[in-house]
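Residue numbers (my numbering), protein chains in the order written: chain A, 1 to 235; chain B, 1001 to 1235.
Number of protein chains: 2
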Amino acid sequence: MAAKPRPKSDAPDASDRVSRIREGVTAAILEHRLLPGTKLGEDEIGEIYGASRTLVRTALQQLAHEGIVNIEKNRGAFVARPTPADAREVFEARRLIEPTIVDRACEAVSPAWLDRLQRHLAEEREAELRGDARASVRLSGEFHRLIAEMSGHSIYLGFLKELIARSSLIILLYRRHDTPACGTDHHAGIVAAIRKRDREAARGQMLSHLDEIEAELFLKDPAADELRLADVLGA
Amino acid sequence: MAAKPRPKSDAPDASDRVSRIREGVTAAILEHRLLPGTKLGEDEIGEIYGASRTLVRTALQQLAHEGIVNIEKNRGAFVARPTPADAREVFEARRLIEPTIVDRACEAVSPAWLDRLQRHLAEEREAELRGDARASVRLSGEFHRLIAEMSGHSIYLGFLKELIARSSLIILLYRRHDTPACGTDHHAGIVAAIRKRDREAARGQMLSHLDEIEAELFLKDPAADELRLADVLGA
DNA sequence: ACAGGCGAAACTTTATACAATCTTCGCCTG
DNA sequence: CAGGCGAAGATTGTATAAAGTTTCGCCTGT
């Protein structure tokens, strides 16, 4: 009686149909296959995933709540186009949250987790060697998410998922050079600090890692958005 | 051409129908008129707000994303019942974010904002004098939201809105005594620090304020949930 | 008397149809 | 020939109806 057999915390990413749509579109955006400003027609997506507009709409609303899609009334859904101001907010939030997350992760180290991290680093290196930019971008984000999962703090994890998704768009829009994703070496350093359970070092490395990513961005006046986008689109 | 007349950032809480439903239900939960575990039938809510189930469903999904409603597959939506573990996470996140928020708020002080804060404190005192517990709970949360708005950081604001809503449920479930909301005096002290633009003092006061709120909670083993809820419900 | 299973009712989920709105393209006018 | 008006097409917002699932009561059998 006291302990009900009902699953208390259902998996956040259940394998229902709307989640498939959401994750599919999210992946497309995070891998830079869908560029900022792209219109996401409901029929269009529905046809791709073989789903009715009802489900597509649900998925798009969730993505809008996560900040990677903008829904304009009577006009439809578009891939979000963060402004430089948005970018600064996102990275300020990450600088606040991620050091704390990696701190907590240090306390949760286990052979299983270290193995997982190690395998991830290998994947990242491989993608970088292949020159697979899409995979690099995706894996780079997943590294940060992995640490958040490791921290065991579901709220931080939820927040960070949002921030990572937005960061991906920001990096696409505002990166100066075509640097090979955000340095894989930094990730290795963070893992090393985690392995040694050196919380202070982990915090410091995470912070400087984020600083370096942001330093490579070109966050000028908002008016430059249009130009920058046109450049990215190859116009 | 460069500057399009389209409204760049639409108001987050537009006055459309789904927002009215969302805000109505949120208010009901935050004012403790809807208790944790309460079933939120779609027909029921739809009839109250004179809306179709389509709109109600949209609103409920948004609330689920905010963490104050749980949607169980094929069973419906229920007011969330945070566990003690959830509560600890929420307050840990608030202790991380809110000092930073109030720090930023110190830089945004203006006569208009100080007036707004002052009027809010007056409202809080009045509600407390009236012994209006519902208004007190609501206003207490709104104070923290006000400071987040003042900080001008939209991401922090979004995060904090979630945390505040969950905190309200947590306080209802786990508060020891029926203390008169979280101390209005603390709020006054925070406002004083903001007025003096004393960022360090503001951070410190916010932190101790949150500590005190959490200290008044009774966060024991998860199994106590049921008993506690039964107690609150007067069963 | 009680345990187990069957069945109906209520609800959520999904799909489809209708209405409102915006965009676009053509045409007319100055 | 440029600019604006207007109607057709397309797309989204909303409501309603069909389908599937869960739950609860009741009945039967032991």
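Quick reminder that beta carbons are idealized off the backbone N, C-alpha and C, glycines included. Note that the structure is predicted; figures quoted are calculated from it, not measured.
Residue i versus the options, residue with shortest Cα-Cα distance
{"i": "B/T1184", "options": "B/L1160, B/A1201, B/L1210 and B/L1172", "result": "B/L1210"}
{"i": "B/E1107", "options": "B/R1195, B/K1220 and B/V1018", "result": "B/R1195"}
{"i": "B/V1137", "options": "B/R1175, B/D1086 and B/A1059", "result": "B/R1175"}
{"i": "A/Q61", "options": "A/A188, A/Y49, A/E47 and A/L40", "result": "A/L40"}
{"i": "A/L248", "options": "A/E200, A/L207, A/L172 and A/T26", "result": "Past the boundaries of the shown model lies residue 248 of chain A; chain A is included only from 1 to 235, so the question cannot be answered."}
{"i": "B/M1150", "options": "B/L1114, B/R1134, B/L1163 and B/A1122", "result": "B/L1114"}
{"i": "A/T38", "options": "A/R95, A/R75, A/A133 and A/L157", "result": "A/R75"}
{"i": "B/E1072", "options": "A/L157, A/D16 and A/G152", "result": "A/D16"}
{"i": "A/H153", "options": "A/P111, A/E44, A/I97 and A/Y49", "result": "A/I97"}
{"i": "B/V1018", "options": "B/L1035, B/P1036 and B/I1048", "result": "B/I1048"}
{"i": "B/G1158", "options": "B/P1036, B/L1035, B/L1063 and B/V1109", "result": "B/L1063"}
Residue environment, residue i, which counts as buried when at least 16 other CB atoms sit within 10 Å
{"i": "B/I1101", "result": "buried"}
{"i": "B/L1129", "result": "exposed"}
{"i": "B/I1190", "result": "buried"}
{"i": "B/A1105", "result": "buried"}
{"i": "A/H144", "result": "buried"}
{"i": "B/G1131", "result": "exposed"}
{"i": "A/A148", "result": "buried"}
{"i": "B/A1215", "result": "exposed"}
{"i": "A/D10", "result": "At A/D10 the pLDDT is 37, less than 50, meaning the model places this residue with poor confidence; the figure from the coordinates comes in the next sentence. Label assigned to A/D10: exposed."}
{"i": "A/H177", "result": "exposed"}
{"i": "B/Q1118", "result": "exposed"}
{"i": "A/A193", "result": "buried"}
{"i": "A/T26", "result": "buried"}
{"i": "B/P1111", "result": "exposed"}
{"i": "A/G234", "result": "Low confidence applies here, because A/G234 scores a pLDDT of 43, under 50, leaving its location unreliable; read the following figure in that light. Label assigned to A/G234: exposed."}
{"i": "B/I1029", "result": "buried"}
{"i": "B/I1213", "result": "buried"}
{"i": "B/A1014", "result": "With a pLDDT of 44 at B/A1014, under the threshold of 50, the modelled position of that residue is not reliable, and no figure is offered here."}
Pair within 7 angstroms by beta-carbon distance, residue i and residue j
{"i": "B/L1139", "j": "B/E1126", "result": "no"}
{"i": "B/A1322", "j": "B/V1069", "result": "The structure shown does not extend to residue 1322 of chain B, since chain B spans only 1001 to 1235, so no value can be given for it."}
{"i": "A/A59", "j": "A/R22", "result": "yes"}
{"i": "A/V90", "j": "A/S167", "result": "yes"}
{"i": "A/A77", "j": "A/I170", "result": "no"}
{"i": "A/R203", "j": "A/P99", "result": "yes"}
{"i": "B/A1093", "j": "A/I155", "result": "yes"}
{"i": "A/L219", "j": "A/P84", "result": "yes"}
{"i": "B/D1103", "j": "B/R1020", "result": "no"}
{"i": "B/G1067", "j": "B/E1162", "result": "yes"}
{"i": "B/L1146", "j": "B/H1120", "result": "yes"}
{"i": "B/H1065", "j": "A/H65", "result": "yes"}
{"i": "A/R116", "j": "A/E31", "result": "no"}
{"i": "A/E240", "j": "A/R53", "result": "This structure does not reach residue 240 of chain A, given that chain A is present from 1 up to 235, and the question cannot be answered."}
Strand pairing of residue i, partner residues [DSSP]
{"i": "B/R1175", "result": "B/L1217"}
{"i": "B/I1071", "result": "B/A1077"}
{"i": "B/L1040", "result": "B/A1077"}
Per-residue contacts from residue i into chain A (C-beta, under 7 angstroms)
{"i": "B/F1159", "result": "F159"}
{"i": "B/H1065", "result": "Q62 and H65"}
{"i": "B/T1100", "result": "L96"}
Interface residues of chain A facing residue i [CB-CB closer than 9 angstroms]
{"i": "B/Y1156", "result": "E89, E92, A93 and L96"}
{"i": "B/T1058", "result": "R57, T58 and Q61"}
{"i": "B/T1184", "result": "What B/T1184 touches in chain A: nothing, since even the nearest Cβ is about 27 angstroms away."}
Contacts that residue i makes with chain B (C-beta to C-beta distance below 9 angstroms)
{"i": "A/H153", "result": "E1089, E1092 and A1093"}
Residue i: contacting residues in chain B (beta-carbon distance under 8 angstroms)
{"i": "A/T26", "result": "Neighbours of A/T26 on chain B: none; closest Cβ ~14 angstroms, over 8 angstroms."}
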